[in-house]
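Everything on this sheet refers to the single structure shown next.
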Amino acid sequence: MVELSLARGFPPADEAAWKALVEEALKGAPFAGLRSTSYDGIVIDPLYRRAQNATRVEGRPAGQPWAVMQRIDLADPKAANAQILDDLMNGASGETLVFQGAIGDYGSALPATGAAISAALDNIYLDAGVAIDLDLSMPSKDAAGLLATLVKARGLGPKDCTIRFGFGPLGGMALNGHSPLPWKDIAPIFAGLVSDLAGQGFAGPFAVADGRVIHAAGGSEAQELAFALASAVAYLRALEQSGIALDDARRFIYFRLAADQDQFLTIVKFRAVRKLWARVEEACGLKPLPAFVAAETAWRMMTKRDPHGNIVRGTIAAFAAAIGGADAITVLPFSAALGVPDAFARRIARNTQTILIEEANIHRVADPAAGSGAIEALTDALCETAWWFMQRIETAGGVAEALLAGILVGQLFRRVLELLPGLRCRGDAGLLEQRLVVVQRIDVDLVGNAVERAADGGGAGDARRP
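Sequential numbering from 82 applies to the sequence shown in my numbering.
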């Protein structure tokens with residue numbers, strides 16, 4: 082074999098030579114101006130040395146493509162069924178059923194009735210490797226049981242069906258700003274639903290630690306991770322208290338995170354969630370296993386004006402999530418912010434991932450960012466910051482108590498205030514004229530209380546680590 086080294090003809094390069102060229106190009110401007118800072122206060126340098134003795138983060142195996150998911154958010158079950166069939170025949174490997182009131186309900190959703198679910202899944206072979214992920218709200222939680230009933234009615238083996246049931250009551254509490262019941266009363270109901278499905282023979286996972294609600298509300302990477310991690314810990318406790326062994330309980334939980342156009346921080350975030358969850362498993366006396374991590378391109382970054390720019394954003398986000406090791410990725414159609422996407426927008430969303438898999442072969446290498454000085458340093462920094470935020474949530478008594486105390490809302494409100502200057506695109510035109518579509522479902526009273534608590538020096542705290 083002939084070795085072709087394109088770098089052989091160039092003189093060796095070192096950091097000093099690089100810095101000299103940079104300073105020449107800066108023409109007297111400070112070198113520090115090349116550094117940037119994330120919204121979590123993490124400093125991002127312009128150049129890093131290669132990380133020594135770095136190991137890959139255990140996740141999706143090398144050579145295994147991620148699941149190409151498509152959202153089904155149509156109110157008409159028959160139209161939903163036609164869309165599912167079209168998706169599966171044109172590159173999708175699974176479907177996310179979005180129900181009314183869910184975190185992923187961006188204006189249109191499938192009704193949570195047995196008739197609607199049956200009609201939407203008509204002629205869909207659920208035991209043929211088609212992945213189904215449920216995006217549920219608290220009012221639509223019965224959809225999981227209705228789907229389980231449909232599986233049995235068709236004579237299918239529960240273990241032969243790939244279904245992620247998507248129970249995430251804490252995400253619903255964060256989304257709505259309130260809850261009909263306190264978490265201590267919801268937890269046994271949640272654990273009972275999971276136990277029932279597991280007892281029927283379904284493999285799960287059943288509970289989702291969903292960080293999208295924090296991201297869509299303006300949260301930083303560390304805040305999203307901290308919320309998802311603390312939610313997963315709360316679910317783990319609830320399942321253990323119901324009599325489920327810890328080793329089984331941790332297998333019943335998966336993560337769902339937003340992927341946005343910040344390529345490097347998205348890669349880092351998806352690597353970090355696995356490292357953080359492994360730390361929780363170790364603290365429980367368990368040998369860490371790779372968690373299932375699903376990604377959806379961020380609703381927060383979608384624009385109404387010039388929506389075709391969303392194609393680029395979605396591509397960057399999907400690429401970053403794939404590099405970060407996501408097991409399943411959903412790309413929002415580029416016109417989603419304008420209403421129900423048409424067939425062309427959905428095809429572009431599918432093909433974005435098909436090209437990354439079939440032509441770019443992103444899935445061939447497990448954790449391809451491992452060893453990168455920048456990625457490793459930022460992963461460690463984000464893990465540390467997210468763990469600090471999570472400890473604050475735990476000190477408050479868990480996610481539910483932190484929500485009631487205004488700690489999470491106060492942090493998010495401060496984060497949104499930091500974002501606003503960058504969101505304004507036309508002077509003083511106001512927030513309604515922003516290009517970005519920001520979800521605004523945080524309870525107004527909770528925000529007001531959190532700001533008052535922050536002004537009084539209690540509870541809300543600062544969004545950045547000191």
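For glycine and all other residues, C-beta sits at the position ideal for the given N, C-alpha and C.
If you're wondering where the values come from, they're calculated on a predicted model, not measured in any experiment.
Item	Value
If we require 4 or more residues per run, which alpha helix (DSSP H) segments fall completely within the stretch 392-462?	424-439
Leaving aside the five residues before and after T435 along the sequence, list all residues of the same chain whose C-beta is less than 6 angstroms from its C-beta, in chain order.	G172
How big is the Cα-Cα spacing for G90 and L128?	23 angstroms
So for V520, helix, strand or coil by DSSP?	Interpretation of V520 is limited by its pLDDT of 33, a score under 50 that renders its predicted location unreliable; no figure is taken from the coordinates.
Taking the C-alpha atoms as reference points, what is the distance between Q133 and A272?	43 angstroms
Please work out which residues of its chain come closer than 8 angstroms, Cβ to Cβ, to G406, disregarding the five sequence neighbours upstream and downstream, and give them in chain order.	V138, G140, R141, F351, R352, R355, V374, A447, D448
Distance check for G390 and A298, CA to CA, integer angstroms please.	21 angstroms
Are the stretch 218-233 and the stretch 400-419 in contact at 8 angstroms, needing three or more beta carbon pairs?	no
Alpha carbon to alpha carbon, how far is F180 from I334? Give it in angstroms, no decimals.	20 angstroms
Can you grab the Cα-Cα spacing for the pair A284 / G247, in whole Å?	13 angstroms
Can you give me the Cβ contacts of G292 inside the same chain, cut-off strictly under 6 angstroms, excluding the 5 residues immediately before and after it?	E305, F308, A309, L338
Could you tell me the boundaries of the beta strand (DSSP E) in which V149 lies?	148-153
Which of the three DSSP states is assigned to D214 in this structure?	strand
Buried or exposed: F336, going by 16 or more other Cβ atoms within 10 Å of its Cβ?	buried
From G185 to A288, what does the alpha carbon distance come to, in whole angstroms?	16 angstroms
Cβ atoms of A441 and V412: under 7 angstroms apart, would you say?	no
Taking contact to mean at least 3 C-beta pairs separated by less than 8 angstroms, is the stretch 202-213 in contact with the stretch 231-246?	yes
Which value, in whole angstroms, describes the spacing of the CA atoms of G238 and G282?	8 angstroms
What is the residue span of the beta strand (DSSP E) that R331 lies within?	Note, R331: premise wrong, no beta strand (DSSP E); alpha helix (DSSP H) at 327-332.
Are there 16 or more other CB atoms within 10 angstroms of the CB of N204, so buried, or fewer, so exposed?	exposed
When you compare the CB positions of A409 and M170, do they come within less than 7 angstroms of one another, or not?	no
Please specify which runs of the beta strand (DSSP E), each continuous and at least 3 residues long, are wholly inside the stretch 296-365, giving them in chain order.	334-340
Straight-line CA distance for A106 to I125?	20 angstroms
Out of curiosity, what's the CA-to-CA distance linking L202 and P269?	30 angstroms
What number of angstroms, rounded off, separates the C-alpha of Y42 from the C-alpha of G109?	Nothing can be reported for residue 42, as the shown portion of the chain is limited to 82 through 547.
Count the other C-beta atoms from every protein chain shown that fall within 10 angstroms of the C-beta of E176, then say buried if there are 16 or more, exposed otherwise.	buried
Note down the Cα distance separating A326 from A319, rounded to an integer number of angstroms.	11 angstroms
Taking the straight line between their C-alpha atoms, what separation do you get for T118 and V232?	49 angstroms
At what residues does the alpha helix (DSSP H) containing L115 begin and finish?	No alpha helix (DSSP H) holds L115; DSSP gives it neither H nor E.
For T476, count the other beta carbons within 10 Å of its own beta carbon; 16 or more makes it buried, fewer makes it exposed. Which is it?	exposed
G249: buried (16+ other C-beta within 10 angstroms of its C-beta) or exposed?	buried
Just to confirm the assignment: which complete alpha helix (DSSP H) runs, minimum length 4, are found wholly within the stretch 264-289?	264-280
Which residues in the same chain as A398 place their Cβ atom closer than 7 angstroms to its Cβ, once the five residues preceding and following it in sequence are excluded?	A340, D341, Q342, T347, T378, A379
In its own chain, which residues sit with a C-beta less than 7 angstroms from the C-beta of V314, not counting the 5 before and 5 after it?	V361
How many angstroms separate the CA atom of P422 from the CA atom of H444?	28 angstroms
Taking the alpha carbon of T396 as the point to measure from, which residue in S312, L437, R331 has its own alpha carbon closest?	L437
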